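Visitor: Got a structure here, written out as structure tokens. Questions coming.
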Amino acid sequence: MSFMNPRNPAEACDSLATLTAAATALVALLQSVNVIEVLVPEAVAGVLGTAQSAGGILVLGLFAPLFLFLKSRGATPKGKSSSGSYLGALVRQTGLNAFSATLVFMITLSVLNEMVLSRFTAEVVLDAVITFALGSFAVSFFFINRFSRLDDGVVDEA
Amino acid sequence: MSAPLNNRIRVLRAERRMSQSDLAEAIDVSRKTISTIEVGRFVPSTVIALKIARYFEVPVEAVFSLTEDALPSPVADHL
Chain A
417 MSFMNPRNPA
427 EACDSLATLT
437 AAATALVALL
447 QSVNVIEVLV
457 PEAVAGVLGT
467 AQSAGGILVL
477 GLFAPLFLFL
487 KSRGATPKGK
497 SSSGSYLGAL
507 VRQTGLNAFS
517 ATLVFMITLS
527 VLNEMVLSRF
537 TAEVVLDAVI
547 TFALGSFAVS
557 FFFINRFSRL
567 DDGVVDEA
Chain B
14 MSAPLNNRIR
24 VLRAERRMSQ
34 SDLAEAIDVS
44 RKTISTIEVG
54 RFVPSTVIAL
64 KIARYFEVPV
74 EAVFSLTEDA
84 LPSPVADHL
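Each protein sequence line maps, in turn, to chains A and B. Following our numbering from start to finish, the first sequence increments by one per residue and tops out at 574. Following our numbering from start to finish, the second sequence increments by one per residue and tops out at 92.
Right under this line is the structure:
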């Protein structure tokens, strides 16, 4: 499958799912800047803030047109073409993994009340939770997808 | 997502000299869906299993079968 040249709506749906995971990874990275900013000197935080803004523009400028392009090629997240597809199942499994991991992360934070919650503002903790949720979604998606037997050389023969 | 399911899609494709992409296009799924089903990485939905069987004009049992481990004991054994 060519990512940018899907042969049918089902291929476009798969591309859209992969694109969504990639965009989620980038947004998680950008969101993490909000947490890192409070841990580094002010001068560095300023640079990080600028990088974050540039990254935000990049995400919108790069992914939004790709998203619209794939939609125009028939990709619909809940369309009939995506029902029962491998990547559809992968996205569902990934969502479940991310939810579980985020729940464990939040429980861990609450247990570490003295070390974390009492030292940081609610805004920072919320940013950390959002970063973790988005990051765990992206990591889970690419991990499951990467380490499938599919990547060990299954190719078209005919 | 590991499969307790055997399948003969690769054989059926080879008999008809079809690529994974050809089959994927014919039943309106992605090539990745076909390839992951073939290697047992992904258990397809009933709809996709029926579509594949219909496309090859064979009963669904001629395409998919349970592995020995996944076979339930016959109902007679429970009586």
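Ideal placement from N, C-alpha and C gives every residue a C-beta, glycine not left out. Note that this is a predicted model, so its numbers are computed, not measured.
According to DSSP, simplified to helix, strand and coil, what is Leu476 (chain A)?
Guide: Leu476 (chain A) falls in the helix class under three-state DSSP.
Visitor: Under a CB-based cut-off of 9 Å, is Ile65 (chain B) close to chain A?
Guide: no
Visitor: Just the C-alpha distance for Val24 (chain B) and Tyr502 (chain A), rounded to the nearest angstrom, thanks.
Guide: 21 Å
Visitor: In this structure, does DSSP put Ser431 (chain A) in helix, strand or coil?
Guide: helix
Visitor: Would the region 471-480 of chain A count as touching the region 26-37 of chain B if we require 3 or more Cβ pairs under 8 Å?
Guide: no
Visitor: What residues in the region 41-59 of chain B have a beta carbon less than 9 Å from any beta carbon of chain A?
Guide: Asp41, Val42, Ser43, Arg44, Lys45, Thr46, Ile47, Ser48, Thr49, Ile50, Glu51, Val52, Gly53, Arg54, Phe55, Val56, Pro57, Ser58 and Thr59
Visitor: I'd like to know if Ile61 (chain B) contacts chain A, where contact means its C-beta is closer than 9 Å to some C-beta of that chain.
Guide: Using beta-carbon distances, Ile61 (chain B) counts as an interface residue toward chain A, with a partner under 9 Å.
Visitor: Which residues of chain B have a Cβ atom closer than 7 Å to the Cβ of Asn389 (chain A), listed in chain order?
Guide: Nothing about residue 389 (chain A) can be read from this structure; chain A reaches only from 417 to 574.
Visitor: Could you tell me if Thr59 (chain B) is buried or exposed, where buried requires 16 or more neighbouring beta carbons within 10 angstroms of its beta carbon?
Guide: exposed
Visitor: If you measure from the beta carbon of Leu516 (chain A) to each beta carbon in chain B, is any gap under 9 Å?
Guide: The sequence as given places Ser at residue 516 (chain A); Leu does not occur at that position. So no, Ser516 (chain A) is outside the interface.
Visitor: If you draw a straight line from the C-alpha of Lys487 (chain A) to the C-alpha of Thr518 (chain A), how long is it?
Guide: 30 Å
Visitor: Our contact map puts Thr440 (chain A) next to Phe553 (chain A) with C-beta atoms below 8 Å; I'd like the distance itself, whole angstroms only.
Guide: The pair is a contact, with the Cβ atoms about 5 Å apart (cut-off 8 Å).
Visitor: For Val73 (chain B) and Phe515 (chain A), I'd like the C-alpha separation in whole angstroms.
Guide: 36 Å
Visitor: Does the beta carbon of Arg489 (chain A) sit closer than 9 Å to a beta carbon anywhere in chain B?
Guide: no
Visitor: How do the region 537-553 of chain A and the region 447-467 of chain A stand: do at least 3 beta-carbon pairs fall below 8 Å, yes or no?
Guide: yes
Visitor: Taking the alpha-carbon positions, what's the Asp35 (chain B) to Leu484 (chain A) distance?
Guide: 26 Å
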